[in-house]
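Participant:
Chains as they are written, first to last, in our numbering: chain A, 38 to 252; chain B, 647 to 858.
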């Protein structure tokens, strides 16, 4: 059962491995505060929708299941949207603005509903939602950490060093794409290296002329 | 009546391009921009649905959802509901259902009437329901609009947002078709390089920001 919780963090991370739900990952990672708020919103919606969909999975007819899921998800998104509007500081809720209602069309939520919650028990679905939402939060925080540290010289709004010239472009739109691309490449490089360490790789035969240089 | 049109069109195609500046519609952008013809079909289908969705959601918002809407006053006269509006409670659910129904209708219509077009963009249509650019344009046309838009302005914004999306898709597919033939280091192959390329393109598009 615990596996359902932890698989979302790294092994099947929704952003870095499954590559779903990219829009908010890029749009809300200008600062770690925004990213954390976005992550919390996704965790809340995902847990609630997974639980309810798992509860009613035997009642919903197969043919209309997707519209039903969408309505359930939309209800929770509306609740979260209202809660966030009145509880978050203005600068954060302004930045997240349109991306909170857009959680409805976030592929992670519908994907987990269709792929997991509609086939598994309530407890497992809740844990899956928590894990996948947690994985999403970890990923957006990772992207936001790079962007905020390098692009602004701060962590959660706290200054890291007094004399630092920030690379401002990372907090703008192009920086988001580049940081995510480099992070994806780094993670893939790591997993490829792990695979290669176990596989038998024959040493390349040196070219005839090369031997004299090394010797 | 037409004085805002140029700024809306240039704004939504170049300055605030949905993909490159507002991060909307990234999943289809990354997943189907590897071939030019695929990118074009996806772009055309998205543009079509975005225009229709802008039209329908603007009407729903103005006459049913927003505070003091005409239909609310008729239906719930004498209660508090017309003052508050249904927008906060119902907007998200209504919009997404409208978009889902619209996509379904478009699919049926194309299958019956224009089978050639259906075959070329048919497989992309169901995916458009969960494309956040469509819901995004509906929200930006109505409750998240910076200034109140008329119906025509909303439809124009929807159409040209789709054109901007198609433009970004086509540019990216041209780049990616060439990249696929190069010998790229393995960790960078595919999506990571596509993201970095998109970032560089977004950097170029950032130059348009001064035009606002």
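All C-beta atoms in this analysis are idealised placements derived from N, C-alpha and C, irrespective of residue type, glycine included.
Consult DSSP for residue 108 (chain A) and reduce its assignment to one of helix, strand or coil.
Facilitator: Three-state result, residue 108 (chain A): helix.
Participant: Whole angstroms is fine: what's the gap from residue 137 (chain A)'s alpha carbon to residue 755 (chain B)'s?
Facilitator: Those two C-alpha atoms are separated by around 32 Å.
Participant: Does the structure place the stretch 79-88 of chain A close enough to the stretch 165-178 of chain A that three or more beta carbon pairs sit under 8 Å?
Facilitator: The stretch 165-178 of chain A is in contact with the stretch 79-88 of chain A.
Participant: Are the Cβ atoms of residue 689 (chain B) and residue 782 (chain B) separated by less than 9 Å?
Facilitator: The answer is no: Cβ separation not under 9 Å.
Participant: Hey, could you find the ends of the alpha helix (DSSP H) residue 674 (chain B) is sitting in?
Facilitator: Run containing residue 674 (chain B): 672-677, per the alpha helix (DSSP H) assignment.
Participant: To the nearest angstrom, how far is the alpha carbon of residue 698 (chain B) from that of residue 784 (chain B)?
Facilitator: Roughly 10 Å separates the two Cα atoms.
Participant: Does the pairing of the stretch 828-844 of chain B with the stretch 215-235 of chain A give three or more beta-carbon distances under 8 Å?
Facilitator: Contact between the stretch 828-844 of chain B and the stretch 215-235 of chain A is present, because at least three Cβ pairs lie under 8 Å.
Participant: Classify residue 808 (chain B) as buried or exposed, calling it buried when 16 or more other Cβ atoms lie within 10 Å of its own Cβ.
Facilitator: Buried, because 16 or more other Cβ atoms sit within 10 Å of the Cβ of residue 808 (chain B).
Participant: Taking DSSP as the reference, what is the three-state secondary structure of residue 693 (chain B)?
Facilitator: Correct three-state label for residue 693 (chain B): helix.
Participant: Per DSSP, which one or two residues make a beta bridge with residue 40 (chain A)?
Facilitator: Bridge partners of residue 40 (chain A): none, in fact.
Participant: Quick test of your reading: residue 819 (chain B) and residue 681 (chain B), contact by CB under 8 Å. State the CB separation rounded to the nearest angstrom.
Facilitator: Correct: roughly 6 Å between the Cβ atoms.
Participant: Please list, in chain order, the chain A residues whose beta carbon lies closer than 8 Å to that of residue 689 (chain B).
Facilitator: Ordered by position in chain A, no residue passes the 8 Å Cβ test against residue 689 (chain B), which lies about 17 Å from the chain.
Participant: Are the CB atoms of residue 787 (chain B) and residue 692 (chain B) nearer to each other than 9 Å?
Facilitator: Not closer than 9 Å, so no.
Participant: Bridge partners for residue 196 (chain A) per DSSP, in chain order?
Facilitator: Answer by DSSP bridge pairing, in chain order: A:191.
Participant: Mind listing the chain B neighbours of residue 115 (chain A)? Cutoff is C-beta to C-beta under 9 Å, in chain order.
Facilitator: Simply 734, 735, 736, 737, 738 and 739.
Participant: Report the residue ranges of all alpha helix (DSSP H) runs contained in full by the stretch 53-99 of chain A; include only those spanning at least 4 residues, in chain order.
Facilitator: Entirely contained in the stretch 53-99 of chain A, the alpha helix (DSSP H) runs reaching 4 residues are, in chain order, 59-64 and 69-92.
Participant: Within the continuous alpha helix (DSSP H) that includes residue 48 (chain A), where are the two ends?
Facilitator: Looking at the DSSP string, residue 48 (chain A) is not in any alpha helix (DSSP H), and its letter there is neither H nor E.
Participant: Should residue 794 (chain B) be labelled buried (16 or more other beta-carbon atoms within 10 Å of its own) or exposed?
Facilitator: Counting Cβ neighbours within 10 Å, residue 794 (chain B) comes out exposed, since fewer than 16 surround it.
Participant: Using the beta-carbon count (16 or more within 10 Å), is residue 87 (chain A) buried or exposed?
Facilitator: Residue 87 (chain A) is buried by the Cβ-count criterion.
Participant: How about residue 814 (chain B) and residue 664 (chain B): do their beta carbons lie closer than 9 Å?
Facilitator: For residue 814 (chain B) and residue 664 (chain B), yes; Cβs fall inside 9 Å.
Participant: Listing by chain order, which chain B residues have their CB less than 9 Å from the CB of residue 218 (chain A)?
Facilitator: What residue 218 (chain A) touches in chain B: 834, 837, 838, 839, 840, 841, 842, 843, 844 and 845.
Participant: Leaving out five residues on either side along the sequence, give the residues of the same chain with a beta carbon under 7 Å from the beta carbon of residue 130 (chain A).
Facilitator: Answer for residue 130 (chain A): 121 and 122, listed in chain order.
Participant: Nearest by alpha-carbon distance to residue 746 (chain B): which of A:197, A:67, A:101 and A:158 is it?
Facilitator: Answer by Cα proximity: A:101.
Participant: Indicate whether the contact test is met: 3 or more Cβ pairs, each with one atom in the stretch 736-750 of chain B and one in the stretch 714-724 of chain B, closer than 8 Å.
Facilitator: In short, these stretches do not touch, since the Cβ pair count stays below three.
Participant: For the alpha helix (DSSP H) that residue 821 (chain B) lies in, which residues bound it at each end?
Facilitator: Residue 821 (chain B) -> alpha helix (DSSP H) spans 797-825.
Participant: Would you call the stretch 106-118 of chain A and the stretch 65-74 of chain A in contact, with 3 or more CB pairs under 8 Å?
Facilitator: Because the criterion of three Cβ pairs below 8 Å is not met, the stretch 106-118 of chain A and the stretch 65-74 of chain A do not touch.
Participant: Could you check which residue in B:771, B:730 and B:821 has the C-alpha nearest to that of residue 696 (chain B)?
Facilitator: Taking only the C-alpha atoms, the option nearest residue 696 (chain B) is B:771.
Participant: Give, in chain order, every residue of the stretch 141-153 of chain A whose Cβ lies closer than 9 Å to some Cβ of chain B.
Facilitator: Cβ contacts with chain B come from 141, 142, 143, 144 and 147.
Participant: Are there 16 or more other CB atoms within 10 angstroms of the CB of residue 227 (chain A), so buried, or fewer, so exposed?
Facilitator: By the 10 Å Cβ count, residue 227 (chain A) comes out exposed.
Participant: How would you write the range of the alpha helix (DSSP H) that residue 130 (chain A) sits in, first residue to last?
Facilitator: It spans 127-133 - the alpha helix (DSSP H) in which residue 130 (chain A) sits, taken as one unbroken run.
Participant: Contact criterion: CB-CB distance below 9 Å. Does residue 800 (chain B) meet it with respect to chain A?
Facilitator: Chain A, which has no Cβ nearer than 9 Å to the Cβ of residue 800 (chain B), makes this no.
Participant: Kindly give me the distance between the Cβ atoms of residue 168 (chain A) and residue 55 (chain A), rounded to whole angstroms, as I take these residues to be in contact under 8 Å.
Facilitator: In fact, because the Cβ distance is near 13 Å, the residues do not count as touching under 8 Å.
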